[in-house]
Amino acid sequence: EEYERLIIIYPVGECESNYGGLGSIGKRMIDTDEGEKEMSVAWIVWFEGFEEYNMHTVWHEFGHNLGVRHANSYLCSNGEIIDDDCESTEYGDNYDTMGYGYGHYNTIHKEEIGWLSSVEIDDYGIPGTYKIYALESDFGEGKYQSFKIPVSYSFSIGDSGAKLTSNYLYLDFRRPIGIDGRLSGEIDIEGVIGTLKVSREGDRHESTRQTQRINFDGGDSDTVVLHEAETYLDTRHNFILVVRDVTDEYV
């Protein structure tokens with residue numbers, strides 16, 4: 005009766021399954037020999053010889069168990085950051101283990117789980133300088149790991165008919181430490197990462213909460229972060245982001 009999380013792992017050969025795992029979104033009522041029990045459940049297919057992939061599946065499905073959804077990406081090829089003529093990719097966030105990435109959950113997911121609180125910048129009219137500390141760091145009180153800016157975006161996703169609505173743009177920063185140590189190498193972490201918190205309607209994912217990592221480059225390249233001395237101008241909401249410094253501890 006003391007258990008609230010159940011992870012079932014079963015080994016298979018290299019090509020005996022067409023999926024890696026499944027996870028309940030949060031807890032659910034499960035029938036057991038001791039009666040009904042509220043718990044989360046994850047089913048993990050363990051492929052022989054692919055331990056790193058298998059552990060990524062565990063982290064991913066356990067994220068669902070904690071209540072979070074997939075980490076997607078939203079990329080444009082017309083020079084815009086956000087536009088109706090852009091493409092949302094399921095699992096497309098290559099920083100986040102809830103997407104294709106091997107890093108820790110993004111700040112939106114961590115806020116939903118209750119692990120951190122993002123600081124809201126709610127007055128565009130007052131210029132300010134803000135330090136964003138690395139997501140996997142522990143720098144103590146007053147040193148924040150995420151800021152969120154109120155926005156109002158509404159856009160569609162390709163031919164799916166789905167409509168996404170976002171009220172916040174989240175900003176965070178990653179360093180190759182802790183779980184994010186797996187991000188070292190070719191992936192670009194030298195600047196600010198922007199992610200939209202969205203609600204979805206109009207298709208089978210109706211009413212789900214999702215995250216959409218945006219591309220500050222405004223193109224279809226892999227350059228998604230806002231680097232030192234680079235600027236993002238949001239003409240709809242009339243604010244400018246400028247990255248002044250990128251250090252090992254903060255931007």
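Numbering (the numbering used here), first residue to last: 5 to 255. For glycine and all other residues, C-beta sits at the position ideal for the given N, C-alpha and C.
Around the beta carbon of residue 16, fewer than 16 other beta carbons sit within 10 angstroms, so the residue counts as exposed.
For residue 54, the number of other beta carbons within 10 angstroms of its own is below 16, and it is reported as exposed. Under the criterion of beta carbons closer than 8 Å, residue 11 and residue 62 qualify as touching, at roughly 7 Å. Assignment of residue 47 by DSSP, reduced to helix, strand and coil, places it in the strand class. Residue 133 counts as exposed, since fewer than 16 other beta carbons sit within 10 angstroms of its beta carbon. If you look at residue 55, you'll find it in the alpha helix (DSSP H) that goes 55-69.
For residue 123, the closest C-alpha among the options 147, 117, 104, 101 is that of 147. For a cut-off of 8 Å, the C-beta gap from residue 187 to residue 106 is around 7 Å, short enough to register as a contact. As the crow flies, the alpha-carbon of residue 31 is around 10 Å from that of residue 68. The region 103-173 is shown to contain whole beta strand (DSSP E) runs of 3 or more residues at 151-160, in chain order. Within the same chain, 247 come within 6 Å of residue 234 by CB-CB distance, once the 5 residues on both sides are set aside. Short of 8 Å from the beta carbon of residue 28, and not among the five residues preceding or following it, lie these beta carbons of its own chain, in chain order: 44, 45, 46, 68, 69. Residues of the same chain with a CB within less than 8 Å of the CB of residue 244, apart from the 5 flanking positions on each side, are 235, 236, 237, 238 in chain order. For residue 253, the number of other beta carbons within 10 angstroms of its own is below 16, and it is reported as exposed.
Apart from the 5 residues on each side of it in sequence, residue 65 sits with its Cβ closer than 6 Å to the Cβ of 25, 27, 46 in its chain, given in chain order.
Nearest neighbour of residue 242 by Cα position, chosen from 141, 139, 155, turns out to be 155. The distance from the Cβ of residue 196 to that of residue 170 is about 17 Å, inconsistent with a contact at the 8 Å cut-off.
By the 16-neighbour rule on beta-carbons within 10 angstroms, residue 115 is buried. Counting only residues of its own chain and dropping the five nearest sequence neighbours on each side, residue 219 has a CB closer than 8 Å to the CB of 77, 78, 79, 80, 85, 225, 227, 228. Under the DSSP definition of a beta bridge, residue 235 partners with 246. In the assembly as shown, residue 136 is a buried residue. Its beta-carbon has 16 or more other beta-carbons within 10 Å.
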